[in-house]
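K.L.:
Supplied in structure tokens, the structure appears directly below.
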Amino acid sequence: MNVVAYLRVSTAGQADSGLGLDAQRRIIATEAARRGWTVVAFETDEGVSATATRRPALERALASLRAGDAEALVVAKLDRLARSTLGFAELLATAQREGFAVVALDLGVDMTTPSGRLVANVMACVAEWERDAIRARTKEALAAAKARGTRMGRPRQIDPALLARIVAMKATGLSHRSIAAALTAEGVPTPTGRDRWNPGSIGGYLASAALDPVPTTGEAA
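The sequence shown begins at 1 in the working numbering and counts up by one.
Laid out in structure tokens, this is it:
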């Protein structure tokens with residue numbers, strides 16, 4: 001079976017922590033040799049967080065899978081792909097939908113096996129519950145604020161696609177501050193035309209989405 005390996009480090013210091021690129025490459029190469037896999041590429045993101053909205057090497061790996069160059073995405077450790085259950089479950093859902101497998105060697109999540117596919121399905125169910133719980137908590141917080149007499153101004157009109165993206169980012173476990181920082185870093189203008197987002201505005205748009213749900217984009221991890 002052809003596989004594409006994904007490696008990631010967020011800081012140079014991880015090289016000394018057992019999470020370095022050489023260690024990840026060695027773990028994957030050893031398992032590939034044991035199981036008779038052919039690693040068609042080692043795609044590497046250096047200095048990139050698992051919560052970053054853009055990971056070029058991961059995008060290349062997914063493109064290879066979609067093109068049919070490989071049948072599975074392999075990582076040495078689950079947290080190289082995602083920091084939250086929800087983020088990982090979103091990737092598993094994409095894999096199931098597009099017909100490739102995901103293998104995380106440290107936890108034994110292996111969609112090439114029946115038991116691995118069962119784990120993937122369970123995680124997808126947990127992710128759906130978590131999304132619903134986030135929406136319910138947002139509605140409850142908004143209702144409580146109104147009950148206290150807090151004036152709830154409606155956020156300025158926002159593009160539905162951008163709002164859907166903000167909802168999807170929140171669903172992966174990102175905080176309001178992290179979402180604001182990511183959009184600012186990417187140069188995405190706010191609905192008022194400013195070049196800097198603030199966490200309070202993100203919270204307002206998420207509250208608006210809870211009252212008037214929009215489809216999420218499925219962007220994750």
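Where is the CB? At the ideal position from N, CA and C, for every residue including glycine.
For THR44, which beta-bridge partners are listed by DSSP?
P.N.:
BP columns for THR44 point to LEU7.
K.L.:
Is the region 57–71 touching the region 34–48, taking contact as three or more C-beta pairs under 8 Å?
P.N.:
Contact holds: three or more Cβ-Cβ distances are below 8 Å.
K.L.:
Whole-angstrom Cβ separation of VAL48 and LEU78, contact assumed at under 8 Å?
P.N.:
That pair is no contact at about 16 Å.
K.L.:
Is VAL122 near MET111, with beta carbons less than 7 Å apart?
P.N.:
Cβ atoms of VAL122 and MET111: not closer than 7 Å.
K.L.:
Mapping DSSP to helix, strand and coil, what is ALA101?
P.N.:
Here ALA101 sits in strand by DSSP.
K.L.:
If I follow the unbroken alpha helix (DSSP H) through GLY188, where does it start and stop?
P.N.:
According to the sequence shown, residue 188 is Val rather than Gly. No alpha helix (DSSP H) contains VAL188, which DSSP labels as neither H nor E.
K.L.:
Going by the CB atoms, is the gap between VAL119 and LEU73 shorter than 7 Å?
P.N.:
Result no, Cβ atoms of LEU73 and VAL119 do not sit closer than 7 Å.
K.L.:
So, are the CB atoms of ALA61 and TYR6 less than 7 Å apart?
P.N.:
Closer than 7 Å, so yes.
K.L.:
How about LEU105 and ALA76: do their beta carbons lie closer than 7 Å?
P.N.:
Yes; because the gap between Cβ atoms is below 7 Å, this pair is in contact.
K.L.:
In chain order, what residues of the same chain lie with their CB nearer than 7 Å to the CB of ILE166, ignoring the 5 residues before and after it?
P.N.:
For ILE166, where only same-chain residues beyond five positions count, the Cβ hits under 7 Å are ILE179, ILE202, TYR205 and LEU206.
K.L.:
Quick one: what does DSSP say ALA143 is sitting in, helix, strand or coil?
P.N.:
Residue state, collapsed to three classes: helix.
K.L.:
Using DSSP with H/G/I as helix, E/B as strand and the rest coil, what is ALA82?
P.N.:
Note: ALA82 maps to coil in three-state DSSP.
K.L.:
Under the DSSP definition of a beta bridge, which residues are partnered with ASP110?
P.N.:
DSSP, once it has assigned bridges, lists VAL103 as partnering ASP110.
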